[in-house]
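If you're matching positions, the sequence shown starts at 11 in the working numbering and goes up one per residue. Note that the Cβ used here is the ideal one computed from N, Cα and C, for glycine as well. Following: one structure in structure tokens, then a few remarks.
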Amino acid sequence: MNRVITTLLAFVYALGISHGLVCAGQPRNVLIFFVDDLRPELGCYGVDSIHSPSIDALASEGVLFERAYCQQTLCAPSRISMMTGQYPDHTGIVDLFTPLRKVNKTAMTLPLYFQQRGYVTASFGKVYHHLRDDKTSWSEIPEPPSEKYADPKTLDGIAKRVREAKEQHLGVEKTRLAEKGPPTECFVTEDEGYRDGVVANQAIASLRENKDKPFFMCVGFAKPHLPFAAPKRYWDLYKREQFTVPSRERPDGSPGLAFTIWGELRAYHGIPQEGELSDEMTRKLMHGYAASVSFADAQVGKVMAELDRLGLRDDTIVVLWGDHGYKLGDYGLWCKHTNFELDAHVPLIISAPTHSREQRSKALVEIVDIFPTVASMTGGDVPESCDGKSLQPLLQNPDQEFRSFALTQYPRGSTMGYSLRNDRYRYTEWIQAGTKRVIARELYDHQDTDTPSRNLADSPEQREHVFRLSQQLDAARRIENTNVKMKK
11 MNRVITTLLA FVYALGISHG LVCAGQPRNV LIFFVDDLRP ELGCYGVDSI
61 HSPSIDALAS EGVLFERAYC QQTLCAPSRI SMMTGQYPDH TGIVDLFTPL
111 RKVNKTAMTL PLYFQQRGYV TASFGKVYHH LRDDKTSWSE IPEPPSEKYA
161 DPKTLDGIAK RVREAKEQHL GVEKTRLAEK GPPTECFVTE DEGYRDGVVA
211 NQAIASLREN KDKPFFMCVG FAKPHLPFAA PKRYWDLYKR EQFTVPSRER
261 PDGSPGLAFT IWGELRAYHG IPQEGELSDE MTRKLMHGYA ASVSFADAQV
311 GKVMAELDRL GLRDDTIVVL WGDHGYKLGD YGLWCKHTNF ELDAHVPLII
361 SAPTHSREQR SKALVEIVDI FPTVASMTGG DVPESCDGKS LQPLLQNPDQ
411 EFRSFALTQY PRGSTMGYSL RNDRYRYTEW IQAGTKRVIA RELYDHQDTD
461 TPSRNLADSP EQREHVFRLS QQLDAARRIE NTNVKMKK
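Put into structure tokens, the structure is as follows:
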């Protein structure tokens with residue numbers, strides 16, 4: 011009988027190796043934190059004024075990527091791009107309204123990949139923008155709480171406006187606007203009073219349930235996305251006067267296509283429908299954003315503490331990334347939705363057992379690189395569908411070069427802006443879908459700043475440089491090969 015059991019165990023062990031579940035020296039679990047609208051402005055990124063002790067601690071246990079870039083500065087396509095390891099031109103999704111499985115039923119995604127390898131696959135909070143997208147690939151995908159506010163006064167005010175809109179038969183769009191509350195909320199409550207606190211608890215419960223199984227877990231925190239609503243104690247970490255209103259001057263010579271009217275923020279109650287914000291409102295929003303960052307950071311810390319308590323840390327790859335950057339009044343603009351550096355540059359931290367600790371990498375990397383990284387590091391093959399490449403060499407030697415440029419794109423109606431970021435410059439071409447003609451160019455020197463004051467694309471001294479960058483970017487070919495149907 012013992013011989014039979016021994017033989018059976020040996021077979022199971024060998025089967026595990028063949029599926030990449032058990033490989034000597036390789037972690038078997040993957041935990042990925044998604045943080046919405048997070049600028050790479052944290053303590054670990056050299057911004058001491060931001061209180062982010064949990065993320066800072068994670069950075070001390072792994073490699074922090076100083077120059078990581080998302081593929082599109084919009085929630086839905088950015089997250090789909092990460093989960094497939096593909097550029098938006100390959101996923102076919104560049105808008106906010108299209109779930110992945112609506113247009114591609116068979117695409118290989120991270121949860122599907124690990125599901126097929128026998129993993130528990132768990133999704134908590136905002137992972138895909140469309141929360142139930144790719145639902146058959148998840149073992150666990152509970153509904154997160156939907157309420158974005160905690161203060162009864164805020165909730166009563168929203169309910170009143172919605173009731174009045176319906177009584178006046180204002181239509182769907184105006185009723186949706188009535189559902190928007192204020193852009194900030196400071197309320198005395200426990201973390202669980204807001205959805206991210208509940209999401210952290212859901213993830214902790216899953217860790218306890220699945221501690222003895224290989225798991226692929228995604229935990230998506232909505233903050234610091236609007237509204238900037240967080241428990242008062244996180245607001246109390248900051249003083250309003252510490253926030254400096256950024257310059258509202260736009261870069262000289264930049265085309266209108268480069269900018270937005272930041273309609274996302276204007277939809278919130280109390281924000282003017284046109285014109286700039288006052289300095290007072292700007293500082294209030296900056297304060298709320300910082301409080302929301304610290305609130306999200308605390309939730310990361312709770313999940314990491316449970317991972318440690320359960321003894322799973324040495325067997326788990328942990329990734330933290332932001333789906334895109336964010337503007338806080340820079341250039342007089344807010345939110346994302348552009349190809350500017352502030353929108354495309356994102357935080358990325360990877361902490362993996364047996365790899366570098368407390369290291370920083372200046373290599374240019376892309377978010378499409380996450381899929382092949384966690385696949386290879388858990389002993390699996392990288393799917394041929396992936397456009398990215400594994401960051402594992404950088405996790406072993408963070409100082410080596412990786413790629414010569416990183417790509418980001420953003421559409422304006424039937425025009426697509428393709429943007430290339432190399433060691434020093436950001437170069438963007440705006441291409442008409444029908445004619446494939448370049449209708450505008452941008453070139454910014456980022457040697458000393460994230461907010462350069464001049465578009466250099468038309469400078470005579472930059473002519474040869476622009477020609478070389480255009481050849482590298484090859485935007486017309488990219489749009490020619492895409493199956494994207496661009497929307498306004």
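### Message
Going by the DSSP bridge assignment, what does ILE327 pair with across the sheet?
### Response
Start at 1 with the first residue of the sequence shown, and residue 327 comes out as number 317. In the DSSP output, where bridge partners are listed per residue, ILE327 has VAL40.
### Query
GLY263 and ASN465 look like a contact to me (Cβ under 8 angstroms); what is the Cβ gap, rounded to whole Å?
Locating residue 263 in the sequence shown gives position 253, where the first residue counts as 1. Locating residue 465 in the sequence shown gives position 455, where the first residue counts as 1. 4 angstroms between Cβ atoms; contact.
### Task
Let me know if PRO162 comes out buried or exposed under the rule of 16 or more other beta-carbons within 10 Å of its beta-carbon.
To locate residue 162, count along the sequence shown from 1; it is residue 152. By the neighbour-count rule (16 or more Cβ atoms within 10 Å), PRO162 is not buried but exposed.
### Message
Helix, strand or coil for PHE269? Go by DSSP, reduced to three states.
### Response
Here residue 269 corresponds to residue number 259 of the sequence shown, with the count starting at 1. The answer is coil: DSSP assigns PHE269 none of H, G, I, E or B.
### Message
Would TYR435 and ASP455 qualify as a contact pair, given that the criterion is a beta-carbon distance under 7 angstroms?
### Response
If you number the sequence shown from 1, residue 435 lands on position 425. If you number the sequence shown from 1, residue 455 lands on position 445. In this structure, TYR435 lies near ASP455, with their beta-carbon atoms less than 7 angstroms apart.
### Task
Can you say whether ASP379 is buried or exposed, counting buried as having 16 or more other CB atoms within 10 angstroms of its CB?
Here residue 379 is taken as the residue at index 369 of the sequence shown, counted from 1. ASP379 comes out buried.
### Task
Check whether the Cβ atoms of ALA467 and LEU483 sit closer than 7 angstroms, and answer yes or no.
The sequence position of residue 467 within the sequence shown is 457, counting from 1. The sequence position of residue 483 within the sequence shown is 473, counting from 1. In this structure, ALA467 sits away from LEU483, with a CB-CB distance that is not shorter than 7 angstroms.
### Run of the alpha helix (DSSP H) containing GLN313, from where it starts to where it stops
Stepping through the sequence shown from its first residue, residue 313 is reached at position 303. Note that residue 313 is Val in the sequence shown, not Gln. Counting along the chain, the alpha helix (DSSP H) containing VAL313 begins and ends at 289 to 319.
### Query
Is it the case that the Cβ atoms of PHE75 and VAL375 are separated by a distance below 7 angstroms?
Here the question's residue 75 lines up with position 65 in the sequence shown. Here the question's residue 375 lines up with position 365 in the sequence shown. Against a cut-off of 7 angstroms, the Cβ pair of VAL375 and PHE75 comes out as a contact.
### Task
Spell out a yes or no on whether the segment 265 to 279 and the segment 312 to 324 are touching, meaning 3 or more CB-CB pairs, one atom from each, closer than 8 angstroms.
With a cut-off of 8 angstroms, the segment 312 to 324 and the segment 265 to 279 do not count as touching, because too few Cβ pairs lie within range.
### Message
With distance defined between alpha-carbon atoms, name the residue in GLY230, LEU236, ARG142 and ASP47 nearest to TYR159.
### Response
Sequence index remark: in the sequence shown, residue 159 carries index 149 (1-based). For TYR159, the nearest C-alpha among the options comes from LEU236.
### Task
Compare the Cα-Cα distances from SER70 to each of HIS139, GLN252, HIS365 and ARG447 and report the closest residue.
Residue mapping note: residue 70 aligns to position 60 of the sequence shown, counting from 1. The shortest Cα separation from SER70 among HIS139, GLN252, HIS365 and ARG447 belongs to HIS365.
### Uninterrupted beta strand (DSSP E) stretches inside the segment 415 to 469 (no shorter than 3 residues)
The beta strand (DSSP E) runs lying completely inside the segment 415 to 469 and spanning 3 residues or more are 416 to 422, 425 to 431, 435 to 442 and 448 to 455, given in chain order.
### Query
Within 7 angstroms (strictly less), CB to CB, does ASP460 reach chain D?
Checking the listed chains, one finds no chain D in this structure; it contains a single protein chain.
#### Entry: Euclidean distance between Cα positions of LYS145 and THR116
For the purposes of this step, residue 145 is taken as residue 135 along the sequence shown, with counting starting at 1. For the purposes of this step, residue 116 is taken as residue 106 along the sequence shown, with counting starting at 1. Annotation: LYS145 to THR116 spans about 13 angstroms, alpha carbon to alpha carbon.
### Task
Compare the C-alpha of GLY423 against each of ARG173, TYR244 and VAL104 and name the closest.
Sequence index remark: in the sequence shown, residue 423 carries index 413 (1-based). For the residues ARG173, TYR244 and VAL104, the minimum Cα distance to GLY423 belongs to VAL104.
#### Entry: Segment contact flag, the segment 286 to 304 with the segment 338 to 351, C-beta cutoff 8 angstroms, min 3 pairs
Counting Cβ pairs under 8 angstroms, three or more are found: they touch.
#### Entry: Delimiting residues of the alpha helix (DSSP H) encompassing SER5
There is simply no residue 5 to check, as the chain begins at 11 and stops at 498 in what is shown.
### Query
Alpha carbon to alpha carbon, how far is TYR244 from PHE305?
Reading the sequence shown from its first residue, position 234 is the one you call residue 244. Reading the sequence shown from its first residue, position 295 is the one you call residue 305. TYR244 and PHE305 have their alpha carbons spaced roughly 6 angstroms apart.
### Pick from GLY427, MET227, GLY102 and GLY95 that is closest to ALA132, judged by C-alpha positions
Numbered from 1 along the sequence shown, position 122 holds the residue referred to as residue 132. The option with the nearest alpha carbon to ALA132 is MET227.
### Task
Just grab the DSSP bridge partners of ALA132 for me.
Counting from 1 along the sequence shown, the entry for residue 132 is found at position 122. Note: ALA132 sits in a beta bridge opposite GLU150 and MET227.
### Query
With which residues is THR194 paired in a DSSP beta bridge?
Here residue 194 refers to the residue found at position 184 when the sequence shown is read from its first residue. Beta-bridge pairing links THR194 to PHE238.
### Collapsed DSSP secondary structure at CYS54 in the structure displayed
Stepping through the sequence shown from its first residue, residue 54 is reached at position 44. DSSP, read as helix, strand or coil, puts CYS54 in helix.
### Task
Below 8 angstroms on the Cβ atoms is my guess for VAL209 versus PHE124; work out the distance and round it to an integer in Å.
Taking the sequence shown and counting its residues from 1, the one referred to as residue 209 is at position 199. Taking the sequence shown and counting its residues from 1, the one referred to as residue 124 is at position 114. Approximately 20 angstroms separates the beta-carbon atoms of VAL209 and PHE124; this is outside 8 angstroms, ruling out the contact.
#### Entry: Beta-carbon contacts of LEU352 that lie in its chain and below 8 angstroms, excluding the five residues immediately before and after
Taking the first residue of the sequence shown as position 1, residue 352 is located at position 342. So the list reads ARG49, GLY335, TYR336, LYS337, ASP340, ASP460 and THR461, once near-sequence residues are dropped.
### Message
In the DSSP assignment, the alpha helix (DSSP H) including ARG111 goes from what residue to what residue?
### Response
Locating residue 111 in the sequence shown gives position 101, where the first residue counts as 1. ARG111 -> alpha helix (DSSP H) spans 110 to 113.
#### Entry: Residues bridged to GLU174 [DSSP beta-bridge criterion]
Translated into positions along the sequence shown, residue 174 becomes position 164. In the DSSP assignment, GLU174 forms no beta bridge with any residue.
#### Entry: Under the three-state DSSP convention, the category PRO403 falls into
Along the sequence shown, one-based indexing puts residue 403 at 393. Assigned with DSSP and collapsed to three states, PRO403 falls in helix.
### Query
Of the residues LEU343, PHE381 and THR108, which one's Cα is nearest the Cα of VAL328?
Here residue 328 refers to the residue found at position 318 when the sequence shown is read from its first residue. The shortest Cα separation from VAL328 among LEU343, PHE381 and THR108 belongs to PHE381.
### Task
Assign LYS176 to one of two classes, buried (16 or more other C-beta atoms within 10 Å of its C-beta) or exposed (fewer than that).
Start at 1 with the first residue of the sequence shown, and residue 176 comes out as number 166. In the assembly as shown, LYS176 is an exposed residue. Its beta-carbon has fewer than 16 other beta-carbons within 10 Å.
### Query
How big is the Cα-Cα spacing for PRO109 and GLY444?
The count along the sequence shown starts at 1 and reaches residue 109 at position 99. The count along the sequence shown starts at 1 and reaches residue 444 at position 434. Each residue's alpha carbon lies about 25 angstroms from the other.
#### Entry: CB-CB length for MET426 against ILE441, believed under 8 angstroms
Stepping through the sequence shown from its first residue, residue 426 is reached at position 416. Stepping through the sequence shown from its first residue, residue 441 is reached at position 431. Between ILE441 and MET426 the Cβ distance is about 5 angstroms, and since that is below 8 angstroms, they are a contact.
### Residues that DSSP places opposite GLN125 in a beta bridge
For the purposes of this step, residue 125 is taken as residue 115 along the sequence shown, with counting starting at 1. Bridge partners of GLN125: none, in fact.
### Query
Can you give, in chain order, each stretch of the alpha helix (DSSP H) that sits fully within the segment 326 to 376 and has at least 4 residues?
For the segment 326 to 376, whole alpha helix (DSSP H) runs of length 4 or above, ordered along the chain, are 351 to 354.
### Task
Could you work out which residue in VAL392, THR199, ARG431 and THR164 is closest to PRO192 when comparing CA atoms only?
The residue labelled residue 192 in the question sits at position 182 within the sequence shown. Of VAL392, THR199, ARG431 and THR164, the smallest CA-CA separation from PRO192 is found for THR164.
### Which of helix, strand or coil DSSP assigns to LEU247
As a first step, residue 247 is located in the sequence shown; it is residue number 237 there, counting from the start. Looking at LEU247 - three-state DSSP - the assignment turns out to be coil, as it is neither helix nor strand.
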